[in-house]
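Novice: The numbering of the sequence shown is my numbering, which starts it at 6 and goes up by one. Sharing a structure, written as C-alpha cells. Questions coming.
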Amino acid sequence: MSVTVERPGPARAAVEAADGIRVVGARENNLKDVSLTIPKNKITVFTGVSGSGKSSIVFDTIGVEAQRQLNGTFPAFIRNQLPKYERPQADAIENLTAPVVVDQKPVGGNARSTVGTMTDIYSVIRALFARHGSPTDGLVSTYSFNDPKGMCPECDGLGQAVRADPDLMFDKAKSLNEGAILLPNYGVGSADWQLYANSGRLDPDKPLKDYTAEEWELFTRGSGFKVQLNVKSGSYKTNYEGVIDRFTRLGVKRDLSTVSERTREQIQRFISEGTCAACDGARLNPAALATKIDGRNIADWSRMQISDLIQVLGEIDDPVATPIAQAARTALARVEAIGLGYLSLDRATATLSGGESQRLKLVRHLGSTLTGMTYIFDEPSVGLHPRDVGRLNTLLRALRDQGNTVIVVEHDPDVIQIADHVVDVGPKAGAHGGEIVFEGDVAGLRAAATLTGEGLRRAVRGKETYREPTGALAITGATLHNLKNVSVDVPTGVLTAVTGVAGSGKSSLIAEVFVKAHPDTIFVDQSAIAASSRSTPATYLGLMDPIRNLFAKATGAAAGLFSFNSEGACEECQGRGVIITELAYMDPVTTHCDVCDGRRFKDAVLEHKLRGKSIADVLELSAEDAVEFFTEAALRRKLRPLVEVGLDYLSLGQPLSTLSGGERQRIKLATQLGRTGGVYVLDEPTTGLHMSDIDTLLALLDGLVDKGNTVVLIEHNLDVVQQADWVIDLGPDGGKSGGEIVFTGTPRDLLNSAESLTGEHLRLYRATHAVGDPA
C-alpha cells in the first residue's frame, strides 16, 4: 500500500531544519557518531531492529539531555531534590524543548496508587460526592483513602489486611527445642528463641500442636512479665512479648523501604494479605461509604467499569453537580478512547501491564493544555489489538496538533504509517548497528534498502498446511475475572495463538487459569527477572563460574579475582560500573564510574588476559561474538540459545535491569530450549521485535513444536497469528463485554468469522498487502 506524503519545498525545509531538535556526534552505547535533525511540532517515528540504537538516540541522548537542561533551570534547593543526569556523550544537542518521557515502566508499586488516583479522575469523583452526595459534610477529604478523615481505620486505606501468618511462621508438629519457630534469627539457642523457651510458662519439649488455648495465646500474644536471656556477654532480663505480636511490631508494621532487600524478602515470606473485613476492600471508613448518589456510594462507582461509569455520570442533572460530572466524563472518555474502558478506577496500578501503564500516562498528558513540549514514547502499541492501534494514532496526532513535538520508538507498521518524519536506525543490532540508515517520509522508507523498508514491502504469507493436534488440554468452567464460564480445549503438539482485544480475558484464561490447571506448563512472561541488580546474561545463564575458572587456569590467579562481586571489583563502584544514589522518594540515580570507566574491575585485574582479552573485554562481547571466542563446548552450548532467540546482540555483561520486557522474555526462553514434550506459554513474544525478527521468532517456535512440544501464544501480531496452527479468539470486546470464546479454528477459518474483531482485522490486513497463499 503506497503512501503519498507532501515534501516541503527547499526554503521551508531549511527553516524546519534550523528549528528542529539537532543532535551532533552522538556516541551513547553503540551509536557511531550519529548526527540528525528532528522536526518540531511533527510526529517522528524511530524504527530499526532491536538493539540497533533507537533508544540510545531517543531516550539516552535526547530525553536525558532535555531532562538535564530542564532541571538546571530550577533554583539550587529544588535541583538538590531532583535526579542528577549525566550529560550524554555527544558533541552537541540543541533546540530542545521541555520533555515528557512516557515509557513502559510500571507506574508504581505503591499500594495506594490506583487508576483513579493516577489519572486524577478520582479527585473529581470525590468532589462530586462532597457536593452532590447524601448525606455529606461537604469535605472532599472525607472520600480520600489517603487521608485519615476518609480512610478505613482497620487497613489504613489500603483495602487489604496485611498480617503475620501463623501457618507460615511455625512448624506446629515440632517443639521449641526442635525448632518450631521458622522466623529468621529465632533458631534454637538464639536470644529471640530464649524469650519463649526460657519463659518458664511454656514447655520447650511440647509440640506446638499440643498447646492448650491458653498456652497458644500466651505464646503468640502474651505479655506482662520478664524473661532472663543468656548471651555471650552475660545475661539480662527483658519484657516478654508474644511471637506474633513481636513479629507484627518489628516486621509487618515496619517501613519496609528502610530495610535491605534481603530483610524485606525475609519478612514478606511470613506475611499474608487478604481483603480487609472492615471495609470489604473499599478502603474507606463507614462515614464515607454512607454517602450515596442514586443509591451507590463512591466505592461502588470506583468498582464500575469505566465505560459504565461514563453512562452513570451522564445521568446526573443538577446545576451544581453537572459541571463536575461532565469534567469526570471528559477525562474518562479519554481513557475509553485508548481502549482501556474495561478498567475500573479502583484498579491498582501495580497490576497494570506495561502497555496499559503507558497508555494511561498518555491519557493523563492529553488533558494538559501545555504546548511546545516534546513527548517521547516507547513502543506505545505494545499490548494493543489492531483494533485499538487506530485509537492510539488518533491520540498521538492530537498531541501533535496541540503544538507539541512527538517522538515515538515503534515497530508496528500502523503506527509508522502516521509519521511525518521517519528515522531508521541500523543496519543491524549491537556492534552492527548505531547508524542512521534512512531519514525521510514513510513512502521513502517503504522504498529504502533497509530491513525496515524490506519489512514494509514484503508480501503477507499465510500458512498453507496446519499441523494436526496430538491431543488436548482442557479448560473447564473458567470464571476468573471477566471470564464467563469458559470451557475450551487447547490442542497439543501444535502452535496455538490466543487472541482478542485488550481486556477480553486472554491472560486470565491462559496465563492464570490454564497455567494453574496444568502446573507443568513452562510459562515465559515479560516480568522482571528475579535476580539481583548485579545480574547479567552471563550470570543468569550460568556462564560466570566457568569463565572465571578459564581465566584462573590461563593466568594462575585466583578465580575470585575475576568476579565483580568479589575481590576483583572496583572499590569505587563496588563492581557495578556505576555509582548508584538512592533517593527515598524517587527512582535511584546512576552515574558512570570514572575510576574503572564503567568496566567494574580494578586495573590490576584487567592486566590478566585470556586469549588476548581481559575479563572486562569478555563481558563486553556480544552473544554472537562470544560463541566465536569460546572454543569450549559447554560454554557454546549455553550461549547458542541466546543467538537462537534473537538476542545475539546482547553483551554478556549487560545488566538484566536494562532489558526490555520482550528481551527479558526471550532470555528466559533461552534457558528453556531443548526440551521435548513440554507445554510452553508465551505472553506476547513479539513485544519489542522488529518486522525482520518475526521470521526468526516463528522459526524458533516452529522448531519447538517440531520437537514434540506444545506452544501457546497470547498474541496480537497478525503475522504471527496467521502462522499458527490453531486460534482461540476471546471477546467480543473487553471487560464485561468480553470473557467469551468468539472463535476456535485455523487462521484460514478465522478469515470467515463474522463475529471476531481479530478476524475482521486479519481480513483488512491481508486486503492491504500482497497475499502469498491460496487461502
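In this text, a Cβ means the ideal position worked out from N, Cα and C, and glycines have one as well. Quick caveat: nothing in here was measured; it's all calculated off a predicted structure.
(1) According to DSSP, simplified to helix, strand and coil, what is R616?
(2) State the Cα-Cα distance for the pair L546 and G360, rounded to the nearest angstrom.
(3) Compute the Euclidean distance between the alpha carbons of S540 and R641, then round it to the nearest angstrom.
(4) Is the region 672 to 689 in contact with the region 513 to 531, if contact means three or more CB pairs nearer than 8 Å?
(5) Can you tell which of S195, Y191, A333, G247 has its C-alpha closest to the C-alpha of Y127?
(6) Nearest by alpha-carbon distance to E668: which of G580, L611, L652, A502 is it?
(7) Please list the terminal residues of the continuous alpha helix (DSSP H) segment that includes P398.
(8) Below 8 Å between beta carbons: does that hold for T243 and L234?
(9) Determine, using beta carbons only, whether L611 and A628 come nearer to each other than 8 Å.
(10) Of all the alpha helix (DSSP H) runs that stay within the bounds of the region 104 to 183, which reach a length of 4 or more residues?
(11) What would DSSP say about A18, mapped onto helix, strand or coil?
(12) Alpha carbon to alpha carbon, what distance is there between L367 and V340?
(13) How is Q199 classed by DSSP in three states: helix, strand or coil?
(14) I'd like the list of long-range same chain contacts for P140, defined as Cβ closer than 8 Å, with 5 residues on each side in sequence excluded.
(15) Quick check: the region 659 to 678 against the region 470 to 486, are at least 3 beta-carbon pairs closer than 8 Å?
(16) In the DSSP output, what is N100 paired with across the bridge?
(17) How many whole angstroms separate the CB atoms of T379 and T102, which I take to be in contact at a CB cut-off of 8 Å?
(18) Could you check how far apart the C-beta atoms of R405 and I48 are, in whole angstroms? I think they sit under 8 Å.
(19) Taking A116 as the reference, which of T354, R84, Y241, P158 has the closest Cα?
(20) Tell me whether E469 sits in a helix, a strand or coil according to DSSP, three-state version.
(21) Taking only runs that begin and end inside the region 435 to 469, name each unbroken beta strand (DSSP E) of 3 or more residues, in chain order.
(22) Among N151, E320, I585, K214, whose alpha-carbon lies nearest the alpha-carbon of H137?
(23) In whole angstroms, give me the CA-to-CA distance for P209 and G184.
(24) Run through the region 650 to 723 for me and flag every whole alpha helix (DSSP H) of 4 or more residues, listed as ranges in chain order.
(25) So the candidates are R308, G377, L357, V317; which of them puts its Cα closest to the Cα of S349?
(26) Quick check: the Cα distance between A780 and T399, rounded to an integer number of angstroms?
(27) How many angstroms separate the CA atom of P391 from the CA atom of H721?
(28) With which residues is S349 paired in a DSSP beta bridge?
(29) Are the Cβ atoms of A4 and G56 separated by less than 8 Å?
(30) Just to confirm, are D419 and L450 a CB contact at a threshold of 8 Å?
(31) Would you report the Cα separation of R131 and T122, rounded to the nearest angstrom?
(32) Looking only at its own chain, which residues have a Cβ that is under 7 Å from the Cβ of S149, when we skip the five neighbours before and after it?
(33) Hey, S386 and L371 are a contact pair by Cβ (cut 8 Å); roughly how many whole angstroms apart?
(34) Have a look at G344 and F224 and give me their C-alpha separation to the nearest angstrom.
(35) Measure how close the beta-carbons of V167 and N203 come, nearest whole angstrom, since I'm counting them as under 8 Å.
(36) Could you compute how far the alpha carbon of G764 sits from the alpha carbon of L755?
Specialist: Once the coordinates are examined:
(1) Here residue 616 refers to the residue found at position 611 when the sequence shown is read from its first residue. The answer is coil: DSSP assigns R616 none of H, G, I, E or B.
(2) Residue 546 sits at position 541 when you count from the first residue of the sequence shown. Residue 360 sits at position 355 when you count from the first residue of the sequence shown. Distance between the alpha carbons of L546 and G360 is about 28 Å.
(3) Residue numbering aside, residue 540 sits at position 535 when the sequence shown is read from its first letter. Residue numbering aside, residue 641 sits at position 636 when the sequence shown is read from its first letter. C-alpha separation (whole angstroms): 20 Å.
(4) yes
(5) As a position in the sequence shown, residue 127 is number 122, starting the count at 1. Nearest of S195, Y191, A333, G247 to Y127, Cα basis: A333.
(6) Along the sequence shown, one-based indexing puts residue 668 at 663. If we check each option's Cα against that of E668, L652 comes out closest.
(7) Here residue 398 refers to the residue found at position 393 of the sequence shown. The sequence given here has Asn at residue 398, not Pro. Taken as a continuous stretch (DSSP letters only), the alpha helix (DSSP H) holding N398 covers 391 to 406.
(8) The sequence position of residue 243 within the sequence shown is 238, counting from 1. The sequence position of residue 234 within the sequence shown is 229, counting from 1. Contact flag set, yes.
(9) Locating residue 611 in the sequence shown gives position 606, where the first residue counts as 1. Locating residue 628 in the sequence shown gives position 623, where the first residue counts as 1. In this structure, A628 does not lie closer than 8 Å to L611 by Cβ.
(10) 120 to 124, 126 to 137, 171 to 174
(11) For the purposes of this step, residue 18 is taken as the residue at position 13 of the sequence shown. In this prediction, A18 has a pLDDT of 44, which is less than 50 and means its spatial position is unreliable; what the coordinates show is noted afterwards. A18: helix per DSSP, three-state reduction.
(12) As a working note, residue 340 is residue 335 in the sequence shown. As a working note, residue 367 is residue 362 in the sequence shown. When rounded, the distance between both Cα atoms is 9 Å.
(13) Against the sequence shown, residue 199 aligns to sequence position 194. Q199 falls in the helix class under three-state DSSP.
(14) What you label residue 140 is simply residue 135 of the sequence shown in a count that begins at 1. Cβ within range, chain order: A295, T296.
(15) no
(16) Position 95 of the sequence shown, counted from the start, is the residue given in the question as residue 100. Paired residues: none, contrary to the question.
(17) One-based indexing of the sequence shown puts residue 379 at position 374. One-based indexing of the sequence shown puts residue 102 at position 97. With 8 Å as the limit, T379 and T102 qualify as a contact, their Cβ atoms being about 5 Å apart.
(18) The sequence position of residue 405 within the sequence shown is 400, counting from 1. The sequence position of residue 48 within the sequence shown is 43, counting from 1. Yes, R405 and I48 are in contact; Cβ-Cβ is about 5 Å, under 8 Å.
(19) Here residue 116 corresponds to residue number 111 of the sequence shown, with the count starting at 1. When only C-alpha atoms are compared, the closest one is T354.
(20) For this step, residue 469 is matched to residue 464 along the sequence shown. Of the three classes helix, strand and coil, the one that applies to E469 here is coil, per DSSP.
(21) 440 to 445
(22) Against the sequence shown, residue 137 aligns to sequence position 132. When only C-alpha atoms are compared, the closest one is E320.
(23) On the sequence shown, position 204 is the one that residue 209 refers to. On the sequence shown, position 179 is the one that residue 184 refers to. Cα to Cα, the separation comes out at about 10 Å.
(24) 666 to 675, 696 to 711
(25) Mapped onto the sequence shown, residue 349 falls at position 344. When each option's Cα is compared against that of S349, the closest is R308.
(26) Working through the sequence shown from its first residue, we reach residue 780 at position 775. Working through the sequence shown from its first residue, we reach residue 399 at position 394. The predicted position of A780 is uncertain, since its pLDDT is 41 and thus under 50; a value taken from the coordinates is nonetheless stated next. If you take the alpha carbons of A780 and T399, they lie about 33 Å apart.
(27) Looking up residue 391 in the sequence shown gives position 386. Looking up residue 721 in the sequence shown gives position 716. Distance between the alpha carbons of P391 and H721 is about 7 Å.
(28) Locating residue 349 in the sequence shown gives position 344, where the first residue counts as 1. Answer by DSSP bridge pairing, in chain order: Q310.
(29) Beyond the ends of the chain as shown, which are 6 and 780, falls residue 4; an answer cannot be given.
(30) If you number the sequence shown from 1, residue 419 lands on position 414. If you number the sequence shown from 1, residue 450 lands on position 445. Contact flag unset, no.
(31) Numbered from its first residue, the sequence shown carries residue 131 at position 126. Numbered from its first residue, the sequence shown carries residue 122 at position 117. Roughly 11 Å separates the two Cα atoms.
(32) By one-based count along the sequence shown, residue 149 stands at place 144. Here the set comprises R131, G155.
(33) The sequence position of residue 386 within the sequence shown is 381, counting from 1. The sequence position of residue 371 within the sequence shown is 366, counting from 1. That belief does not hold up - the Cβ atoms of S386 and L371 are roughly 17 Å apart, past 8 Å.
(34) Within the sequence shown, numbered from 1, the residue matching residue 344 stands at position 339. Within the sequence shown, numbered from 1, the residue matching residue 224 stands at position 219. G344 and F224: Cα-Cα distance of roughly 53 Å.
(35) Here residue 167 is taken as the residue at index 162 of the sequence shown, counted from 1. Here residue 203 is taken as the residue at index 198 of the sequence shown, counted from 1. The pair is not a contact, with the Cβ atoms about 30 Å apart (cut-off 8 Å).
(36) Here the question's residue 764 lines up with position 759 in the sequence shown. Here the question's residue 755 lines up with position 750 in the sequence shown. For G764 and L755, the distance between alpha carbons rounds to 5 Å.
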